[in-house]
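Using our numbering, you'd call the opening residue of the sequence shown number 3 and step up by one each time. Note that CB positions come from ideal geometry on N, CA and C, so glycine has one too. Only a predicted model underlies this, so the values are computations on that prediction, with no experimental measurement involved. First up is the structure itself, then whatever we jot down about it.
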Amino acid sequence: MKAVYVILTMILLSSGNLYAQNTACETIMNDGISLFNSGKYPAAKEKFEAAKKINCNNVQPWINKCNAKLTSQPQVKSAKQIECEQRFKDGKEAYDAGHYYDALVFFKKGLDDNCNNVDFQDYIDMCNMKLEKQQEIEQKNEACSKYFSDGKNAYDAGDYTIAKSNFQSGLASNCNNANFQQCIALCDNRIACQNATLSVTPTEIEFDASGGSKTIYITANYSWTNSSVLSWLSINKYSSSITLTCNANTSTSDRADYFTITAGSKSVRINIKQKGQATALNLTEINRLIFWNINSNSTYSWDNGDRYKGQKNSDGSRSGLGAYYWNSGTIYFGSFSNNLMDGYGICISLDGSHTNNCPNSRYYVGNWSNGQKSGKGTCYDETGKLIYYGDFSNDKPTDTYPSSGLSSYKFEIIKSNGDDFYLGETKDGSPQGQGIYIWGNGGMWYGEWKDGKRAGYGIYIFLSGSITTGYWTGDTYSSTK
3 MKAVYVILTM ILLSSGNLYA QNTACETIMN DGISLFNSGK YPAAKEKFEA AKKINCNNVQ
63 PWINKCNAKL TSQPQVKSAK QIECEQRFKD GKEAYDAGHY YDALVFFKKG LDDNCNNVDF
123 QDYIDMCNMK LEKQQEIEQK NEACSKYFSD GKNAYDAGDY TIAKSNFQSG LASNCNNANF
183 QQCIALCDNR IACQNATLSV TPTEIEFDAS GGSKTIYITA NYSWTNSSVL SWLSINKYSS
243 SITLTCNANT STSDRADYFT ITAGSKSVRI NIKQKGQATA LNLTEINRLI FWNINSNSTY
303 SWDNGDRYKG QKNSDGSRSG LGAYYWNSGT IYFGSFSNNL MDGYGICISL DGSHTNNCPN
363 SRYYVGNWSN GQKSGKGTCY DETGKLIYYG DFSNDKPTDT YPSSGLSSYK FEIIKSNGDD
423 FYLGETKDGS PQGQGIYIWG NGGMWYGEWK DGKRAGYGIY IFLSGSITTG YWTGDTYSST
483 K
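Structure, rendered in structure tokens:
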């Protein structure tokens, strides 16, 4: 009986405890579910874990649900975490924008603040590498800019060798801020230009009125060019020469032009002259003065109008130097023998009577023998142009008539000292050879000239009729050589 009572007592106590546990589980679980439904997952989890400790049923699924919600729900961050994350965000934005120094400041601040949610040291190392590279680039760009600036300044100053050296340094440094290769090429061109050599022949060219072509030869170590010329000239350019062609000059005026040949820094000027169409020498005043001088107190005069003034023999014949004026207009200054032209002299034959056998000749200067042209002689046309120089025999030329290639020699009238005149041979515009000087106030001199001055044997014929023969050197007279 007593045993039964004990058993019954134990059953009753056990039932009481089970009831109390169930009541506690129900309360805790209801609280946990209420908190869960309110989104208070940490508090709900605490309730469910408490229920699990007292062995409440179906607790683990709710714990799992809480863990799932807590995992998906943003965590509440501390102020330091937020600040560290902002340091990283600012640094990363600066880094991505290439502002590596600003990024380095942010990352160092994060490291100094002991932020451990990001490896700031790695980013600090990355910034330092970028800054070192950036510094190298800046230093290189600074050096390249200096190479270019120094080179350009030297180039602008004409120091092309120094300029080239700077540009070469830039090229060797792999600078890409300027086209250094092109700059070097420009310097090479300028250096070659400075060192250019140029030789041109001839530089003085003269054409007669008929025009023609002449060749100019060029030697240069640099490409050369030529300037343009006037319309009456044309240029054909070849590798080492120029052919200059001149049109005929139809006017009586001389004309001139020039052009330049340039190679690098060297230039040569080519002067061009062309004679105008020659006109007949105007002998009107010359003829008057000669007749006046010969007619005044002449040595001989004849009824037909011929006049002679000069030396004569004891028998009265014309012999030695003198001047003869034919009424037909022919004039002779020179040597006589036995009344005939014999020796050297000038014959001015306006009617052609004494220049026969010489077509178009109006002036003859040369040797005579017994009144005929004989030996060396020169013929000039009515304009004074030399048309023959060579030998004569029996009053006729024996060489090729007409001659050529003696354009510097002419027969000219040169006015001097107001009313004085020179009539005779010239070379390059200056009295040279046989010539007559006529003073406007009276008096004449005939003889040899050289370089524009009297130089040799001659005769002075005075208006008064007197004569003087001898040797002159300029204005200095000597009776003997």
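Ignoring anything shorter than 3 residues, give me the beta strand (DSSP E) runs that lie fully in the region 306-388, in order along the chain.
309-314, 320-327, 333-339, 342-350, 363-371 and 374-383
Over the uninterrupted alpha helix (DSSP H) stretch that includes T73, give me the two end residues.
Position 71 of the sequence shown, counting from 1, holds the residue named residue 73. Q62 to S74 is the span of the alpha helix (DSSP H), which, as asked, contains T73.
The alpha helix (DSSP H) enclosing P44, as first and last residue numbers:
Here residue 44 corresponds to residue number 42 of the sequence shown, with the count starting at 1. From DSSP, the alpha helix (DSSP H) with P44 extends over Y43 to K55.
Under three-state DSSP, which class holds C185?
Indexing the sequence shown from 1 puts residue 185 at position 183. In this structure, C185 counts as helix in the three-state DSSP scheme.
Whose CA, out of Q123, Q136, D127 and S175, lies closest to the CA of S147?
Walking along the sequence shown from the start, residue 147 turns up at place 145. Measuring from the Cα of S147, the nearest candidate turns out to be S175.
Y219 - partner residues in DSSP beta bridges
Residue mapping note: residue 219 aligns to position 217 of the sequence shown, counting from 1. According to DSSP, which records beta bridges pairwise, Y219 is partnered with T203 and S243.
Check whether the region 235-242 touches the region 302-309, taking contact to mean three or more Cβ pairs, one atom from each stretch, closer than 8 Å.
The region 235-242 makes no contact with the region 302-309; the number of CB pairs closer than 8 Å stays below 3.
When you compare each of S243, C68 and G445 to L37 by their alpha carbons, which one comes out closest?
Residue 37 sits at position 35 when you count from the first residue of the sequence shown. When each option's Cα is compared against that of L37, the closest is C68.
Here's the rule I'm using: 16 or more other beta-carbon atoms within 10 Å means buried, otherwise exposed. How should L15 be labelled?
Residue numbering aside, residue 15 sits at position 13 when the sequence shown is read from its first letter. Residue confidence is low: L15 scores 44 on pLDDT, short of 50, so the model does not pin down where it sits. No coordinate-derived value is stated.
Length of the line joining the Cα atoms of T254 and L232:
Within the sequence shown, residue 254 is the residue found at index 252, counting from 1. Within the sequence shown, residue 232 is the residue found at index 230, counting from 1. Straight-line Cα distance between these residues: approximately 18 Å.
Leaving out five residues before and five after S212 in sequence, what residues of the same chain have Cβ atoms less than 6 Å from its Cβ?
As a working note, residue 212 is residue 210 in the sequence shown. Within the same chain, S212 has close Cβ partners A250.
Would you mind sorting K91 into buried or exposed? The rule is 16 or more other CB atoms within 10 Å of its CB.
Along the sequence shown, one-based indexing puts residue 91 at 89. Classification of K91: exposed, given that the 10 Å Cβ count is below 16.
Exposed or buried, which one is M131 when buried takes at least 16 other CB atoms within 10 Å?
Your numbering for residue 131 matches position 129 in the sequence shown. So M131 ends up on the exposed side.
V202 versus L283: straight-line alpha-carbon distance, rounded:
In the sequence shown, counting from the first residue as 1, residue 202 sits at position 200. In the sequence shown, counting from the first residue as 1, residue 283 sits at position 281. V202 and L283: Cα-Cα distance of roughly 37 Å.
For T262, write down the residues that DSSP places opposite it in a beta bridge.
As a position in the sequence shown, residue 262 is number 260, starting the count at 1. Bridge partners of T262: R271.
So, with DSSP's three-state summary, where would you put N155?
Position 153 of the sequence shown, counting from 1, holds the residue named residue 155. It is helical.
Could you compute how far the alpha carbon of F182 sits from the alpha carbon of A194?
The residue labelled residue 182 in the question sits at position 180 within the sequence shown. The residue labelled residue 194 in the question sits at position 192 within the sequence shown. Roughly 18 Å separates the two Cα atoms.
Residues bridged to R290 (per DSSP):
As a first step, residue 290 must be located in the sequence shown, where it is residue number 288. In DSSP, R290 forms no bridge with anything.
Counting Cβ pairs closer than 8 Å, one from the region 295-305 and one from the region 261-281, do we hit at least three?
no
For T247, I'd like the list of residues in its chain whose CB is within less than 6 Å of its CB, leaving aside the five on either flank, ordered along the chain.
Stepping through the sequence shown from its first residue, residue 247 is reached at position 245. Closer than 6 Å at Cβ, skipping near neighbours: S215 and S236.
Considering only the alpha carbon of each residue, which of K417, C58 and K111 lies closest to E85?
Counted from its first residue, the sequence shown places residue 85 at position 83. The option with the nearest alpha carbon to E85 is K111.
Is G392 helix, strand or coil when you go by DSSP?
As a position in the sequence shown, residue 392 is number 390, starting the count at 1. In the displayed model, G392 falls within a strand according to three-state DSSP.
Using 8 Å as the Cβ pair cut-off and three pairs as the minimum, do the region 149-165 and the region 121-128 touch?
no
So, at 7 Å on beta carbons, what are the nonlocal neighbours of Y479 in its own chain, with the 5 sequence-adjacent residues on each side left out?
Working through the sequence shown from its first residue, we reach residue 479 at position 477. Excluding sequence neighbours, Y479 sits near G472.
Taking just the CA atoms, how far does P433 sit from W451?
As a first step, residue 451 must be located in the sequence shown, where it is residue number 449. As a first step, residue 433 must be located in the sequence shown, where it is residue number 431. Put simply, the backbone Cα of W451 is about 6 Å away from that of P433.
N329: which of D317, L352 and G312 sits nearest, CA to CA?
Within the sequence shown, the letter at position 327 stands for residue 329. Ranking the options by Cα distance to N329, first place goes to L352.
Buried/exposed call for N197, threshold 16 Cβ in 10 Å
Working through the sequence shown from its first residue, we reach residue 197 at position 195. Answer is exposed; the Cβ neighbour count stays below 16.
Whole angstroms are fine: how far does the CA of K277 sit from the CA of T205?
As a working note, residue 205 is residue 203 in the sequence shown. As a working note, residue 277 is residue 275 in the sequence shown. One C-alpha to the other measures close to 17 Å.
Expected contact under 8 Å - CB spacing of D421 and G442 to nearest Å:
One-based indexing of the sequence shown puts residue 421 at position 419. One-based indexing of the sequence shown puts residue 442 at position 440. About 3 Å; that satisfies the 8 Å criterion.
When the Cα atoms are used, what is the spatial distance from G392 to S225?
By 1-based counting over the sequence shown, the position of residue 392 is 390. By 1-based counting over the sequence shown, the position of residue 225 is 223. In a straight line, the C-alpha of G392 is about 47 Å away from that of S225.
Determine the DSSP secondary structure at C248, reduced to helix, strand or coil.
For the purposes of this step, residue 248 is taken as residue 246 along the sequence shown, with counting starting at 1. C248 falls in the strand class under three-state DSSP.
Might you give, ordered along the chain, the residues of its own chain that have their beta carbon closer than 6 Å to the beta carbon of G454, omitting 5 neighbours on each side?
Position 452 of the sequence shown, counted from the first residue, corresponds to residue 454. Hits under 6 Å: S432 and P433.
Identify whether T478 lies in helix, strand or coil by the three-state DSSP scheme.
To locate residue 478, count along the sequence shown from 1; it is residue 476. If DSSP states are grouped into helix, strand and coil, T478 belongs with the strands.
Whose C-beta lies closer than 7 Å to the C-beta of F464 among residues of the same chain, with five residues either side of it excluded?
Position 462 of the sequence shown, counted from the first residue, corresponds to residue 464. Taken in chain order, the residues that qualify are G445.
Between I288, E87, N228 and A45, which lies nearest to C117 when the distance is taken from Cα to Cα?
To locate residue 117, count along the sequence shown from 1; it is residue 115. Residue E87 is the option with its Cα nearest to C117.
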